[in-house]
């Protein structure tokens, strides 16, 4: 039987794009995993979560194992709103929906707001899984480059003015990771944050602010777009994946209640009460500020180690971002196609994510790659950078020609 | 700001339907919860799951708390396929996707196969949350009545022939709960199962077989539609919600790999590795057959107690189904609007779900109600039926008129 006949036209159109997970390198077991956007194993509070789980089941018995009824799970939203107050966000005019990570929040926003006639704008580069999700609903995903200050809001304004003057549809959504951006590690400047909000008010679009890394600042806490949002243009996405553990699948979206209640209607996994109960109890009883201070210190040290190793080992023309928080940095390797180089890197024992997976137009990221400093330990970070530097040199030598001439 | 402007036309159209959870009665704490389609608290293996969770975290440390990497979680699909073999299903030609309960599977099927031009057929009555989900994508949800042998396949054939002759769009999907149907408890006869499959082949639609209750048979295991499906017309939905615990949110969909891989692409909660690891280890090490035997015995006793109480206490013209498995029975209360009666029942201390929530055309279920015998203990089952019988009599007296005249 021709099963594709059962799929909608919109879904059939989405199948032209790469399937989920296509960006994950086939890293052999002993490989130094600089591709992994995972928290460091030692920073995942395994024992604390195990104790909390045991405690929840002892106190509440079957309640968190039923659909509804766990007193702890019911408190999770309040705990999350408390965290948001700590980020300077006034939640009193908004509603919050707990989601299975921010991935589900991005999907719910897309499913309810996007169809094939809709325009979305993303950063170039951007989080590959957000891009995948948008492409499930529309092929009108436009991109605006990022520089050292983040999204080029000036170019975005040109795009909006141009589309308005030509009577082209304006974007419904702008998706951004303003703080410690995935994949680049760059942070949007305050001036551009204000500019972006002005644009949202003027051109009436929603800003989807993905703040998964916002708590992991190494110097100064960035001001969120949501804090600056006076007219309700921002849907704020939070996540515990980077600060507790991704496998818990706890994220949230905060915004105007009209939209949040619609997202809730379309959220059909029906919540995850067992994990929600554990996380609520962990948040209520743990010392959040102390944990955050500890994580910031640990990831800052890794960042420093990575930066030191890059400066020591990389060929002189390779450049990279020095992130002020988060998990990632972004390398530019002139003259090298990073996707073509990947098998050689994996064989040498180091992995990364090739830049083109993060770009609407793959060639925009062809000479870039993402390194994560969150997952591997400091010794492996140095060793990984050494290996990668050797691979870059060897690739250029093998390619001969212009690229090696520049070394 | 007018936030509805951001929603797609299809989503705006869906807002005409009742929001999720609208069917849940506002049962006060002491109320006997005959509305709850939950497993009995004593039959949820809380301590076993707690030990398994501790064991998984001790063995695998952070792995089930990351996105990927837990050896146990990776085994879950195999464990589920093993369960399906035990149900007589040959999984070798199909693929299986683990979902957050069968609710997520229904949503993934809907999201990928249905748009506003699509026709779906459901039973009348049907599972209210499936109906809700279909209505999120199309308002062309047609229904076929259920009688004592299940779905009236003869009427369904008439509908198909009629639509074909008028060149009206044929349904893409037929959603059915053939065994121990929610809400009625009825089981589709073998003859009609074969007829339904013939219709699917002839009119080229997919059967979505929701088998959430299939393991909980009190006499004889029903043959699944999937077992009879020789040409790949059946998407089989399984769930551990009724046989382990709903809060684990473990379900699955098995069917043609072209469709399953598309569902996977649209599944954006990204899996729930912690719970998946625990469930896989529980399934691998536990004695499944022994547990099922125990559950069947326990729910059969509850069914018997409920049937005895209904026979003893209900007014003579009230009729009900004697289910051969599952969680539910379905009452017909002539002359009484069960939705209007509900506040009186809740005040008296007993809850149920009013029949109209299960029907495409609410009036079709206006004189029906669903009782669950799964959640409350045997003593409360009897007490609940007594209270409900009194409420029915009192409602008829208060209404005076024709209905009370028939008592």
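Chains as they are written, first to last, in full-length UniProt numbering: chain D, 1 to 407; chain F, 1 to 407. No residue lacks a Cβ here, since even glycine has one placed at the ideal position from N, Cα and C. Bear in mind the structure is a predicted one, so any value in this text is a computation, not a measurement.
- For the options D:336, D:369, D:371, the alpha carbon positioned closest to that of residue 400 of chain D is the one of D:336.
- Beta-bridge pairing by DSSP links residue 175 of chain D to D:122, D:208.
- Note on geometry: alpha-carbon atoms of residue 322 of chain D and residue 186 of chain D lie some 8 Å from one another.
- Its chain contains 94, 235 as the residues whose beta carbon lies nearer than 6 Å to that of residue 255 of chain D, once the 5 sequence neighbours on both sides are disregarded; these appear in chain order.
- For residue 135 of chain D, the secondary structure class from DSSP, reduced to helix, strand or coil, is helix.
- Cα atoms of residue 138 of chain D and residue 261 of chain D: separation of roughly 23 Å, rounded to the nearest angstrom.
- The closest CA to that of residue 367 of chain D, considering only D:379, D:361, D:339, D:347, is found on D:339.
- Between the C-alpha atoms of residue 62 of chain D and residue 244 of chain F there is a straight-line separation of about 11 Å.
- Residue 373 of chain D sits close to residue 306 of chain D, with the two beta carbons spaced by under 7 Å.
- The beta strand (DSSP E) runs of length 3 or more contained entirely in the stretch 1-38 of chain F do not exist; there are none.
- In the three-state reduction of the DSSP assignment, residue 127 of chain F falls in the coil class.
- Taking every protein chain shown into account, the CB of residue 40 of chain F has 16 or more other CB atoms within 10 angstroms, so this residue is buried.
- Excluding residues up to 5 positions away in sequence, 278 lie with their Cβ nearer than 6 Å to the Cβ of residue 53 of chain F in the same chain.
- Per the Cβ contact rule, the stretch 7-25 of chain F is in contact with the stretch 129-148 of chain F (3 or more Cβ pairs under 8 Å).
- The Cβ of residue 198 of chain D sits no closer than 7 Å to any Cβ of chain F.
- Distance between residue 56 of chain F and residue 66 of chain D, taken at the CA atoms: about 21 Å.
- Between the stretch 281-293 of chain D and the stretch 121-130 of chain F, the count of C-beta pairs closer than 8 Å stays below three; the two stretches do not touch.
- Under the three-pair Cβ rule at 8 Å, the stretch 43-50 of chain D does not count as touching the stretch 42-51 of chain F.
- Taking a 10 Å sphere around the C-beta of residue 58 of chain F, we find fewer than 16 other C-beta atoms and assign the residue as exposed.
- Rounded to whole angstroms, the gap between the alpha carbons of residue 105 of chain F and residue 266 of chain F is 11 Å.
- Per DSSP, reduced to three states, the secondary structure at residue 224 of chain F is coil, with no helix or strand assignment.
- The beta carbon of residue 1 of chain D sits closer than 7 Å to some beta carbon of chain F.
- Going by C-alpha positions, residue 222 of chain D is about 10 Å away from residue 216 of chain D.
- In terms of Cα proximity to residue 13 of chain F, the closest of F:136, F:74, F:86, F:97 is F:136.
- Between residue 150 of chain F and residue 192 of chain F, the C-beta gap is smaller than 7 Å, which places the two residues in contact.
- For residue 266 of chain F, the chain D residues whose C-beta falls within less than 7 Å of its own C-beta are 136, listed in chain order.
- Look at residue 286 of chain F here: in three-state DSSP terms it is coil, with no helix or strand label.
- Residue 95 of chain D is bridged by DSSP to D:255.
- For a Cβ distance threshold of 9 Å, residue set 6, 7, 8, 11 of chain D lies close to residue 113 of chain F, ordered along the chain.
- According to DSSP, residue 328 of chain F shares a beta bridge with F:372.
- Residue-level contact by beta carbon fails for residue 357 of chain D and chain F, as no gap is shorter than 7 Å.
- Per the DSSP secondary-structure output, residue 150 of chain D pairs in a beta bridge with D:147.
- In chain order, 124 place their CB closer than 6 Å to the CB of residue 364 of chain D, counting only its own chain and leaving out the 5 sequence neighbours on each side.
- Using a 10 angstroms sphere on the CB of residue 219 of chain F, the tally of other CB atoms stays under 16, which defines it as exposed.
- Excluding five sequence positions before and after residue 303 of chain D, the CB atoms of its chain that fall closer than 7 Å to its own CB belong to 218, 323, 373, given in chain order.
- One thing to note: residue 370 of chain D has its Cβ within 7 Å of the Cβ of residue 328 of chain D.
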